[in-house]
Structure formats: C-alpha cells, structure tokens
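Respectively, the protein sequence lines represent chains A and B.
The first sequence begins at 113 in our numbering and counts up one residue at a time.
The second sequence begins at 2 in our numbering and counts up one residue at a time.
Yeah, the Cβ is synthetic: ideal placement off N, Cα and C, and Gly gets one too.
Structure, as structure tokens:
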Amino acid sequence: AQSVAQPEDQVNVAEGNPLTVKCTYSVSGNPYLFWYVQYPNRGLQFLLKYITGDNLVKGSYGFEAEFNKSQTSFHLKKPSALVSDSALYFCAVIHQGSFQKLVFGTGTRLLVSP
Amino acid sequence: SAVISQKPSRDICQRGTSLTIQCQVDSQVTMMFWYRQQPGQSLTLIATANQGSEATYESGFVIDKFPISRPNLTFSTLTVSNLSPEDSSIYLCSADQGPAPEAFFGQGTRLTVV
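Structure representation (structure tokens):
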C-alpha cells in the first residue's frame, strides 16, 4: 500500500532562515508525490509535485522539494522562511490506480518566528 | 486550475440529524473526491464520485452513513447521516484537473456535532 511519513509534528524556524519539512514515502511502482499547505480555516493549496524528471522540483511561494530515490524522501525546502509561511504542510502520494486520489501524511506544522 | 466552492463553510448540528455538503466546480471534471479531516489528524479519503454511477467508498466508509450524489460533471453532494460527536471534522471535496495530475480542493466544511 502507498504511504508517506512525516516524522516531525512541528518544525520551528526563525524568519529568514532556511526551512526543511521532511517526508519519506513507500510506494509500489513509480512515486508520484505532492506537497500541499493548509492555512487556518482554509482548504488545501497545492504547492508542488514530482512526477518524473529533475529531482529538484520548484513550486509556489518559493518552495521547492528534492526527490531522493535512494532515500525514498521528498523533503520540502525554502531558502528563506517568512512568518506568513506558518501553516500545516502535508506530503501526499497517489493512491494506487488514480492520479488524483491521494494518501496523505500526518502533516507537519511549520512555525516561523519573527 | 478549477475553482471549487463548498457550502456550507461551517455548521453546528444536533446529534442524530444529517448535514448535506455541496461541492461546485467551475468547470466539468470527471472525478470528484470527498475527504475527512478529523481534529488534529490528516486527511482520509471517503469516496470517489463519478457522474452517472454510484460512488466508490474506501474501507471503513459506507453509503448509509455517507451518501453521495453526483448529478452532473460540475457538482456533488456528501451527506453525513445520523450525526454523532465523532463526526465532527472538516470535510473537503477535490476534483481532478484532466491531464494535470494534481488535485485541487475546496475550502472545506467544518462540522461540529453537539
């Protein structure tokens, strides 16, 4: 079964510092991986995806993610964090059989302090 | 990307009653999906709704509790029946975007059962 793990419940970082939110995956077949962000009282917003190609994927709001096949990881990164980046981040993998059916990780709360 | 609107955005319901959530997409989509996000938890797929056929439910979710309608290619409803406090969650709908693999989400419906 497809699954993703987010080992950190919360990540704290100071504004202006680089941030990393970790995700590892377990899939059968090709991994199709996604990051979504959830702001308070809002739905999920798509950030970026890895389907194939370059291991470094660039997405919305300055975020990027690095796909590492040997480590089965897909960590989310940003070179310089903003206070407004504070939110809940979900890593997701495609549910077997359909691109748009997703299996989500448990989520990581990112807290960026001024 | 398609714009997905959900109604209501939040509701407080008495136990034993039902709540119907509407999901409207501003373009025709093949598949729509319903997810549940319990407090402090990740998202779990409830079912897939295709137009013209019965919804396909994931393990642990049944039609009697979560009846779904999909009358056309832009609209779906999820009813949460016989409400109990354990049904207090955020319910989100999402839709496929055709060739693009990423799913897009509505803003969610926050249900509180008292």
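Within chain B, partners of residue i - CB distance below 8 Å
| i | result |
| --- | --- |
| Thr-256 of chain A | Residue coverage of chain A in this structure runs from 113 to 226, which leaves residue 256 of chain A outside it and unanswerable. |
Range of the contiguous beta strand (DSSP E) that encloses residue i
| i | result |
| --- | --- |
| Leu-44 of chain B | 44 to 51 |
| Ala-199 of chain A | 199 to 206 |
| Ile-64 of chain B | It is not in any beta strand (DSSP E) - Ile-64 of chain B carries neither H nor E in the DSSP assignment. |
| Leu-159 of chain A | 156 to 162 |
| Phe-186 of chain A | 185 to 190 |
| Asn-142 of chain A | Where Asn-142 of chain A is concerned, there is no enclosing beta strand (DSSP E), given that its DSSP letter is neither H nor E. |
| Arg-71 of chain B | 69 to 73 |
| Pro-175 of chain A | Checking the sequence shown, residue 175 of chain A turns out to be Phe, not Pro. Per DSSP, Phe-175 of chain A belongs to no beta strand (DSSP E) and is neither H nor E. |
| Asn-129 of chain A | Element bounds for Asn-129 of chain A: n/a, residue is neither H nor E. |
| Leu-79 of chain B | 76 to 81 |
| Cys-94 of chain B | 90 to 98 |
| Leu-194 of chain A | Neither: Leu-194 of chain A is in no beta strand (DSSP E) and is coded neither H nor E. |
| Lys-8 of chain B | 5 to 8 |
| Asp-12 of chain B | 11 to 14 |
| Pro-102 of chain B | 101 to 106 |
| Tyr-36 of chain B | 32 to 38 |
Contacts of residue i in chain A (Cβ-Cβ under 7 Å)
| i | result |
| --- | --- |
| Phe-106 of chain B | Gly-155, Leu-156 |
| Gly-109 of chain B | Gly-155 |
Cross-chain neighbours of residue i in chain B, by beta carbon under 9 Å
| i | result |
| --- | --- |
| Tyr-144 of chain A | Pro-102 |
Rounded distance between the beta-carbons of residue j and residue i, thought under 8 Å
| i | j | result |
| --- | --- | --- |
| Val-116 of chain A | Gly-217 of chain A | 4 Å |
| Val-224 of chain A | Tyr-144 of chain A | With a Cβ gap of about 29 Å, Val-224 of chain A and Tyr-144 of chain A do not count as contacting. |
| Phe-34 of chain B | Leu-46 of chain B | 6 Å |
| Gly-219 of chain A | Leu-200 of chain A | 5 Å |
Within chain B, partners of residue i - CB distance below 7 Å
| i | result |
| --- | --- |
| Gly-219 of chain A | Ser-43 |
| Lys-105 of chain A | Within the shown structure, residues of chain A are numbered from 113 to 226, placing residue 105 of chain A beyond reach of any answer. |
Against chain A: residues of the region 28 to 47 of chain B by CB proximity under 7 Å: Residues Met-32, Phe-34, Ser-43, Leu-44, Leu-46.
Can you pull out the residues from the region 121 to 133 of chain A whose beta carbon lies closer than 8 Å to at least one beta carbon of chain B? Answer set for the region 121 to 133 of chain A: empty.
Taking a Cβ distance cut-off of 8 Å, strictly less, list which residues of the region 84 to 95 of chain B are near chain C, in chain order. Looking for chain C here will not work: the only protein chains present are A and B.
Determine which residues of the region 167 to 195 of chain A have a Cβ less than 7 Å from any Cβ of chain B, and write them out in chain order. Interface annotation for the region 167 to 195 of chain A against chain B: empty, criterion Cβ-Cβ distance under 7 Å.
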